[in-house]
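Quick notes on the structure that follows.
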Amino acid sequence: AGNHLPIAVVFVMLVFILSVNVLLKRLTPGTELRGSELLVIWGMMLVASGIPSSGLMRYLVPLAVSPFYFATPENEWITLFHQHLPDWMVVKDPKAVFYFYEQLPDGDRIPWKAWLKPIIGWSAFVLIFYFVTICWTVLLRKQWVEHERFTFPLVQLPVEMFQPPSGGTLVNRFFKSRLMWSGFAIPVLLHGLKGLHLYFPSIPNPPLYFPIAQFFTEKPFSALAWWPSVNLFIYPSVIAIVYLLTLEISFSFWFFFLLGKMETVLIYATGSKVNQWNFHQNQQMGALLVFIGFILFIGKRHFGRAFATILGKRTSNDTNEPLPYVWAVWGLMGGILLLTLICSLAGMSVWVALFILGIFLAITTVGTWMVTNGGLMFILYSFLPGEYLITLFGSSRVNAPSWTLVAYERVLMFDMREILMPSVMNNFKLAEPLRLKQRPFLLAMGIAIVLAMGVSYYSSIDLAYTHGAVNLQHWTYMISTTSPFNRLTSILQHPTGIELERFGSFIFGGATMFGMLWMRHHYLWWKLHPIGSLMMTSYATYCFWGSFFIGWFLKYTTLKFGGVAYYRKLRPLILGIVLGECFIGGIWI
Numbered sequence: 019a020g021n022h023l024p025i026a027v028v029f030v031m032l033v034f035i036l037s038v039n040v041l042l043k044r045l046t047p048g049t050e051l052r053g054s055e056l057l058v059i060w061g062m063m064l065v066a067s068g069i070p071s072s073g074l075m076r077y078l079v080p081l082a083v084s085p086f087y088f089a090t091p092e093n094e095w096i097t098l099f100h101q102h103l104p105d106w107m108v109v110k111d112p113k114a115v116f117y118f119y120e121q122l123p124d125g126d127r128i129p130w131k132a133w134l135k136p137i138i139g140w141s142a143f144v145l146i147f148y149f150v151t152i153c154w155t156v157l158l159r160k161q162w163v164e165h166e167r168f169t170f171p172l173v174q175l176p177v178e179m180f181q182p183p184s185g186g187t188l189v190n191r192f193f194k195s196r197l198m199w200s201g202f203a204i205p206v207l208l209h210g211l212k213g214l215h216l217y218f219p220s221i222p223n224p225p226l227y228f229p230i231a232q233f234f235t236e237k238p239f240s241a242l243a244w245w246p247s248v249n250l251f252i253y254p255s256v257i258a259i260v261y262l263l264t265l266e267i268s269f270s271f272w273f274f275f276l277l278g279k280m281e282t283v284l285i286y287a288t289g290s291k292v293n294q295w296n297f298h299q300n301q302q303m304g305a306l307l308v309f310i311g312f313i314l315f316i317g318k319r320h321f322g323r324a325f326a327t328i329l330g331k332r333t334s335n336d337t338n339e340p341l342p343y344v345w346a347v348w349g350l351m352g353g354i355l356l357l358t359l360i361c362s363l364a365g366m367s368v369w370v371a372l373f374i375l376g377i378f379l380a381i382t383t384v385g386t387w388m389v390t391n392g393g394l395m396f397i398l399y400s401f402l403p404g405e406y407l408i409t410l411f412g413s414s415r416v417n418a419p420s421w422t423l424v425a426y427e428r429v430l431m432f433d434m435r436e437i438l439m440p441s442v443m444n445n446f447k448l449a450e451p452l453r454l455k456q457r458p459f460l461l462a463m464g465i466a467i468v469l470a471m472g473v474s475y476y477s478s479i480d481l482a483y484t485h486g487a488v489n490l491q492h493w494t495y496m497i498s499t500t501s502p503f504n505r506l507t508s509i510l511q512h513p514t515g516i517e518l519e520r521f522g523s524f525i526f527g528g529a530t531m532f533g534m535l536w537m538r539h540h541y542l543w544w545k546l547h548p549i550g551s552l553m554m555t556s557y558a559t560y561c562f563w564g565s566f567f568i569g570w571f572l573k574y575t576t577l578k579f580g581g582v583a584y585y586r587k588l589r590p591l592i593l594g595i596v597l598g599e600c601f602i603g604g605i606w607i
């Protein structure tokens, strides 16, 4: 998948619509798939697409093995935390661990018996976790879709693709648009040349990456090269999606990235001893909690009506919701309690489990806001929920068994580019214009999730034992699988209390977010949206800030000199660019 508009999903649907569906309509009219049926296929692929990779298996499978394979007398992992790892979370059989990384000898079979407990244990935990996420998404749907009317930029392309043809034609109006095909050709040409250049070096290689930071070599501006460095990546599809956003939101993402870099330059210039990474990280952590408070405050009436259903009060119509509100509320609360019980039985303190789960729901809710209303194709924060424990309580307040289990937050909470909640929310929105019933659609998504987990377990484990994890993607199997335990070792060996620098940055970030929200609420002239401050130093903004700037500038100039009518006229061109980049990406895959 790689993001919340997966190339493979768009590619498969495009090829299906223009080949299989056209062929069915020509040969046996009436047997072609309708828009609602295409949506079911889309929705099932969308929620399943992240599970084999960063949405789950990329971290779950290696982390079940790595604490034993990489344990040495020098790093002291065996004495520090091995005793706190429950059997259902990890593979403890020495041969199963060794051959996962070193490749299974010819003729030997994969040791599935050693994986049985971790597969069952993690599957139960993850499915409950997903259910909690879906219940919360159901409770948010009406507020965001109907009351606040989010733009849902990533939904606009499939809506156009799935519209029915009119007048007996083979394809709909979107696929007949010359303007759309003109936009389609732009990324196909660019990436077509880049792909061919790899095979035939004489073919031109269009530059889509510009390392700006390398031109700033003098202090203090040399700090622009510090991570995340100021480099410009051009993604045509991102530029196109940004064109569909409000100017305030698109401006926010690139502005706050550059503002964060200027803060780093200022810290460097003044010779301050402030840790610039901790400063930015905790600033964003504080801002996020204030923003989730803002989300809950804006929707307080809707949430109040929804939660009142558990008291027998039907103050809100939920007949068209994916789940009845009473089921969603009980599912949310019951699921959280069940997850807390599992964590407690595994050795985690109850308050730590509740805290981590609550923080993750806040983080993923804000991330879903950024995807559904901010058009961000993938989100990756500069922090994990466990960082809140260190900032607000100090690492010494949490015991070793709890910290050991917190290290596994990476499985579900680290890489937000393929998390479930934004895909589910986008599917709920997409069902409306195509008049698809939400409840059967949700059931189809659930089936897709379960099937994807089963297939992904097999393929991920088989891949490692067949080729040896040491021979596979280095970051996934060697870096990402050791960094949480190196961090855990540092925490256990050097416990700390509340650090003033961290806590001060946290308060500063929260106060700044509150101030910007207050200004936006009280003054119409205040156009700076604070959402970009949450991604100030993230990998996502590092990749996309340049494309956000270009998209913002194109929309600004279009509205200024062409007006709203011209802006709307260019919409097929814009969607064609997105479709074209997904198509050529699918070709090269």
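Position one of the sequence shown corresponds to residue 19 (my numbering), numbered consecutively onward. Glycine residues also receive a C-beta, built at the ideal position from the N, C-alpha and C atoms.
Cβ pair residue i, residue j closer than 8 angstroms
i	j	result
Asn293	Gln456	no
Pro238	Val283	yes
Ser420	Met463	no
Val108	Pro136	yes
Val58	Phe601	no
Gly353	Val40	no
Phe503	Ala425	yes
Tyr77	Ser478	no
Leu262	Pro171	yes
Glu517	Pro205	no
His570	Trp272	The sequence shown places Trp at residue 570, rather than the His named in the question. Yes.
Ser270	Val260	no
Lys447	Val163	yes
Ala466	Met179	no
Leu654	Thr576	With the chain represented from 19 up to 607, any question about residue 654 goes unanswered, as that position is not in the structure.
Pro192	Pro451	The amino acid at residue 192 is misidentified as Pro; the sequence shows Phe. The answer is no: Cβ separation not under 8 angstroms.
Thr514	Gly404	no
Gly125	Ala305	no
Met534	Leu546	yes
Gly53	Pro222	no
Pro129	Asp111	yes
Supposed contact pair residue j and residue i - C-beta distance, whole angstroms, cut 8 angstroms
i	j	result
Met303	Tyr406	6 angstroms
Pro80	Ala487	7 angstroms
Val389	Pro440	4 angstroms
Leu379	Arg435	Going by Cβ atoms, the distance from Leu379 to Arg435 rounds to 18 angstroms, so no, they are not a contact pair.
Ile257	Leu226	Their Cβ separation, rounded to whole angstroms, is 11 angstroms, which puts Ile257 and Leu226 out of contact at 8 angstroms.
Leu175	Val596	5 angstroms
Ser551	Met537	About 13 angstroms separates the two Cβ atoms, so there is no contact after all.
Phe234	Ser240	6 angstroms
Phe99	Thr422	4 angstroms
Residues of its chain near residue i, where Cβ-Cβ distance is below 6 angstroms and the 5 sequence neighbours each way are ignored
i	result
Leu157	Ala324 and Ala346
Phe228	Leu250
His539	none
Phe619	A question about residue 619 goes unanswered here, because the residues of the chain that appear run from 19 up to 607.
Lys573	Tyr261
Limits of the unbroken alpha helix (DSSP H) element including residue i
i	result
Trp570	Tyr557 to Phe579
Gly352	Tyr343 to Ala364
Leu611	There is no way to answer for residue 611, as the model of the chain reaches only from 19 to 607.
Ala241	Ala241 -> no alpha helix (DSSP H), and no H or E assigned at all.
Glu450	First-last for Glu450: undefined, no H or E at that position.
Tyr119	Pro112 to Glu120
Gly598	Arg589 to Trp606
His102	No alpha helix (DSSP H) contains His102, which DSSP labels as neither H nor E.
Gly53	Gly53 to Ser67
Met496	Segment: none, Met496 is in no alpha helix (DSSP H) and carries neither H nor E.
Met537	Leu518 to His540
Tyr399	Note, Tyr399: premise wrong, no alpha helix (DSSP H); not H, not E.
Ala203	Arg196 to Tyr217
Ser508	Ser501 to Gln511
Cβ neighbours of residue i in the same chain (closer than 8 angstroms, five flanking residues each side left out)
i	result
Gly603	Ile25, Phe29 and His209
Trp606	His209 and Gly213
Leu188	Val40, Lys43 and Arg44
Leu357	Phe143, Ile146, Phe147, Val150, Ala371 and Leu375
Thr484	Gln121 and Leu122
Ala66	Ala466, Ile467, Leu469 and Ala470
Contacts around residue i, its chain only, beta-carbon distance under 7 angstroms, and the 5 residues preceding and following it disregarded
i	result
Gly278	His298, Met554 and Thr555
Ser362	Val368 and Ala371
Ser290	none
Val248	Ile230, Ala231, Leu242 and Lys279
Return the chain-ordered ranges of every alpha helix (DSSP H) run that is complete within the region 244-301 and spans a minimum of 4 residues.
254-261 and 265-288
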